[in-house]
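The block underneath contains the structure these notes are about, expressed in C-alpha cells.
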Amino acid sequence: MKNRYALRKTIFTAAFLLVFIFSGLSFYRSRHLREPVVAGDGLLEVRKLSHYFPGLKGSINDASVYLLGKGTSSSGEGAALVLGGAHPEEPAGRLAAWLLVENARVEAGRLFVILTANPSASTSTRPGGAYPPDYEIPTPWGRQKFRQGDRWSNPLDQWPDPEVYIHYPSRQQLAYMDIRNQNRTWPGRPDGTMTEKTCYAMTQLIIKEKIDLVIDLHEAELQYPVINTIVAHQKGEDLAALASMMISSEEGFNIGVEYSPVALRGLSHREIGDHTPAIPLLLETPEPFLDATRGKTDRALLLTGRDEFVMKAGRHGLLFEKLDENGWPIEVRVGRHLSSIIQIFKVWTELHPDRPIQMENVPRYAEVIANGVGYYLKNPDGAPAGRLFYE
Amino acid sequence: MAAFITFLYYLMVAFFSACFIWNFRRSKNWQTEVLYLIVLLPFLLRLFRLK
Chain W
68 MKNRYALRKT IFTAAFLLVF IFSGLSFYRS RHLREPVVAG DGLLEVRKLS
118 HYFPGLKGSI NDASVYLLGK GTSSSGEGAA LVLGGAHPEE PAGRLAAWLL
168 VENARVEAGR LFVILTANPS ASTSTRPGGA YPPDYEIPTP WGRQKFRQGD
218 RWSNPLDQWP DPEVYIHYPS RQQLAYMDIR NQNRTWPGRP DGTMTEKTCY
268 AMTQLIIKEK IDLVIDLHEA ELQYPVINTI VAHQKGEDLA ALASMMISSE
318 EGFNIGVEYS PVALRGLSHR EIGDHTPAIP LLLETPEPFL DATRGKTDRA
368 LLLTGRDEFV MKAGRHGLLF EKLDENGWPI EVRVGRHLSS IIQIFKVWTE
418 LHPDRPIQME NVPRYAEVIA NGVGYYLKNP DGAPAGRLFY E
Chain A
809 MAAFITFLYY LMVAFFSACF IWNFRRSKNW QTEVLYLIVL LPFLLRLFRL
859 K
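Residue numbers (the numbering used here), protein chains in the order written: chain W, 68 to 458; chain A, 809 to 859.
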C-alpha cells in the first residue's frame with residue numbers, strides 16, 4: 068500500500084514538474100525576449116531615461132530613448148517626442164515607432180522616439196484573457212518576433228496595488244490597478260512608484276530637451292468612443308484640427324479630433340500639456356483584439372483585426388467604429404499612425420517655421436498597406452556596426 | 809513601504825508553498841494531492857518571479 072502511495076506521488080510530482088518547467092520557461096522566455104532594432108541613418112544617439120532622472124537607473128523601466136536628427140544640442144529648431152508602447156498590448160503604436168527609428172531621416176529639428184515607454188508592461192500578458200505571449204511580423208528576410216505585452220506594468224516589478232489609486236498631484240481617485248497604467252500616472256513624481264517615476268523621467272526629458280510636441284501612440288477597442296482620433300490638449304487644438312483635415316485630404320483616411328477632458332487626470336494628453344511647455348497629442352487606431360466581446364484571442368486576431376463576434380456587436384449598433392470582414396489589419400493601423408505623425412509635423416512646421424520638424428523616408432499609410440509592416444523592418448543580421456540595439 | 813510589503817508577501821508565498829508541499833506529502837487521497845499541486849503552481853511561479 069505504502070509503495071502504491073509513493074508511486075502515485077512520484078507520478079504526480081513528475082507531471083507537476085513538467086507543467087511547472089514548461090510554463091515557467093514560457094513565461095521566462097516571453098519576459099526576456101530580445102527584440103532587435105536596426106537604427107537607420109537618422110540615428111544620432113541612444114540614451115536611457117535615467118539620463119533625465121537617475122532615480123530610474125537599474126529599473127526595468129529605464130527605457131531606451133532614440134534620438135534622431137542632425138545635432139544633439141537643443142538648437143533653435145523644433146523637437147518632438149514620439150511614444151510607443153505606453154500600452155504595449157496596442158502593437159500598432161510600438162511598430163509605428165519602430166519604423167520611425169529604422170527608417171526616418173530627420174531633415175530639420177530633433178526627434179526623440181521611445182519604442183517601449185513602459186518596458187515592464189511589455190513583459191507581461193494576460194493568460195486569463197487568453198493573450199498570446201508574443202506575435203511575429205513577416206519580413207522579406209524572415210519573421211521578427213515582438214512581445215505582446217499588457218496594459219499595466221508587470222506586478223513582478225511594481226507591487227502591491229493600493230485599494231484606491233490617488234493620482235499625483237491632482238489627488239483624483241482612480242481604479243486601483245491604474246497605478247500601474249502609464250497613461251494614468253502622468254506627470255509622475257520622483258519618489259513615486261516605478262510607473263510614476265517613468266512618467267517623471269519622461270516629463271524631465273520633455274522639459275530639459277525643450278520638446279515642442281509629444282505624440283503618444285495608442286490603440287482602442289471599437290466599443291470605446293475615443294477611437295480613430297487625435298486627442299488634443301487645448302494648447303494643440305488648432306494643430307490637431309488642421310492635421311486632421313490634411314490627413315483626410317492627402318493620406319486617404321479620416322481621423323477625428325477630441326479634446327482632452329480637463330477633469331480626467333493622469334493621461335498624457337492632459338498632464339504633459341499642463342505641466343510642461345509641450346503640446347501633447349494622443350493618437351488612437353482601432354484594435355478589435357481589445358474588445359470584450361471578441362472571440363478567439365490569438366495572434367491572428369491581433370494582426371488582422373478580424374473577429375465575427377465584434378462584427379456582430381457592430382450589427383447591434385454597439386461599436387463606435389465600423390468593422391467588416393476586412394477587419395483592421397496591422398498594416399492599416401501602423402500606416403494610420405505614421406501618416407498622422409507625418410502630417411502633424413508638416414502642419415507644426417507650417418505654423419512654426421522658426422521651429423521646424425521635418426523628416427523624410429517614413430512610409431505613409433498607402434505604402435505600409437501596399438508593402439506590409441515587415442517590408443520596412445531591417446534585418447538585424449545585416450545591421451551595420453553600432454546600429455543594432457535591443458528592446 | 810512597498811518594498812517591505814513585497815518582502816513580506818514573498819515570505820508568505822514561500823510559507824504557503826511549503827504548506828502545500830507538506831500536505832501533498834501527507835495526503836492519502838489522490839484528488840486532494842492533485843488539488844494541492846494545482847494550487848501550488850501559481851505560488852511557485854510567483855516565488856521564482858516567473859509570473
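Heads up, the beta-carbon is just placed ideally off N, CA and C, and yes, glycines get one too.
Quick caveat: nothing in here was measured; it's all calculated off a predicted structure.
Near residue 295 of chain W, which residues of its chain fall below 7 Å by C-beta distance, leaving aside the five closest residues on each side in sequence? Along the first sequence, one-based indexing puts residue 295 of chain W at 228. Correct list, in chain order: 322, 323, 351, 352, 353 and 388.
Start and end residues, beta strand (DSSP E) containing residue 283 of chain W: Residue 283 of chain W sits at position 216 when you count from the first residue of the first sequence. From DSSP, the beta strand (DSSP E) with residue 283 of chain W extends over 280-287.
Those residues which DSSP pairs with residue 428 of chain W across a bridge: Indexing the first sequence from 1 puts residue 428 of chain W at position 361. DSSP lists no partner for residue 428 of chain W.
Chain A partners of residue 76 of chain W, CB-CB under 8 Å? Translated into positions along the first sequence, residue 76 of chain W becomes position 9. Ordered by position in chain A, the residues that pass the 8 Å Cβ test against residue 76 of chain W are 832, 833 and 841.
Integer-rounded CB distance, given that residue 250 of chain W should sit under 8 Å from residue 311 of chain W: Locating residue 311 of chain W in the first sequence gives position 244, counting from the first residue. Locating residue 250 of chain W in the first sequence gives position 183, counting from the first residue. Actually they are not in contact, since the Cβ atoms of residue 311 of chain W and residue 250 of chain W sit about 21 Å apart, beyond 8 Å.
By Cβ distance below 6 Å, which residues in the same chain neighbour residue 272 of chain W in space, the five residues on each side in sequence not counted? In the first sequence, counting from the first residue as 1, residue 272 of chain W sits at position 205. Once the five neighbours on either side are set aside, the close Cβ partners of residue 272 of chain W are 119.
List the endpoints of the continuous alpha helix (DSSP H) containing residue 90 of chain W. As a position in the first sequence, residue 90 of chain W is number 23, starting the count at 1. Counting along the chain, the alpha helix (DSSP H) containing residue 90 of chain W begins and ends at 69-98.
For residue 338 of chain W, three-class secondary structure by DSSP: Against the first sequence, residue 338 of chain W aligns to sequence position 271. In this structure, residue 338 of chain W counts as helix in the three-state DSSP scheme.
Whose Cβ in chain W lies nearer than 8 Å to the Cβ of residue 856 of chain A? Sequence index remark: in the second sequence, residue 856 of chain A carries index 48 (1-based). The answer, in chain order, is 91.
Residue 338 of chain W to residue 316 of chain W, Cα distance in whole Å? For the purposes of this step, residue 338 of chain W is identified with residue 271 of the first sequence, where counting begins at 1. For the purposes of this step, residue 316 of chain W is identified with residue 249 of the first sequence, where counting begins at 1. Those two C-alpha atoms are separated by around 31 Å.
Cross-chain neighbours of residue 31 of chain W in chain A, by beta carbon under 9 Å: Past the edges of chain W, shown from 68 to 458, lies residue 31 of chain W, and the structure says nothing about it.
Of the residues that make up the segment 199-222 of chain W, which ones have a beta carbon closer than 7 Å to any beta carbon in chain A? none
Is there at least one Cβ from chain A nearer than 8 Å to residue 243 of chain W's Cβ? As a position in the first sequence, residue 243 of chain W is number 176, starting the count at 1. No, no contact with chain A.
Below-8 Å beta-carbon distance, residue 822 of chain A vs any chain W residue: For the purposes of this step, residue 822 of chain A is taken as the residue at position 14 of the second sequence. It does not; no Cβ of chain W falls within 8 Å.
Would you call residue 217 of chain W buried or exposed, if buried means 16 or more other Cβ atoms sit within 10 Å of its Cβ? Taking the first residue of the first sequence as 1, we reach residue 217 of chain W at position 150. Buried, since its Cβ has 16 or more Cβ neighbours within 10 Å.
Considering only residues of the same chain and omitting the five flanking positions on each side of residue 332 of chain W, which have a CB-CB separation below 6 Å? Counting from 1 along the first sequence, the entry for residue 332 of chain W is found at position 265. Same-chain partners within the cutoff: 234, 237 and 239.
Taking the alpha-carbon of residue 361 of chain W as reference, which of W:261, W:197 and W:113 has the nearest alpha-carbon? As a working note, residue 361 of chain W is residue 294 in the first sequence. Of the candidates W:261, W:197 and W:113, the one whose C-alpha sits nearest the C-alpha of residue 361 of chain W is W:197.
With 16 other Cβ atoms within 10 Å as the buried cut-off, status of residue 225 of chain W: For the purposes of this step, residue 225 of chain W is identified with residue 158 of the first sequence, where counting begins at 1. Buried, because 16 or more other Cβ atoms sit within 10 Å of the Cβ of residue 225 of chain W.
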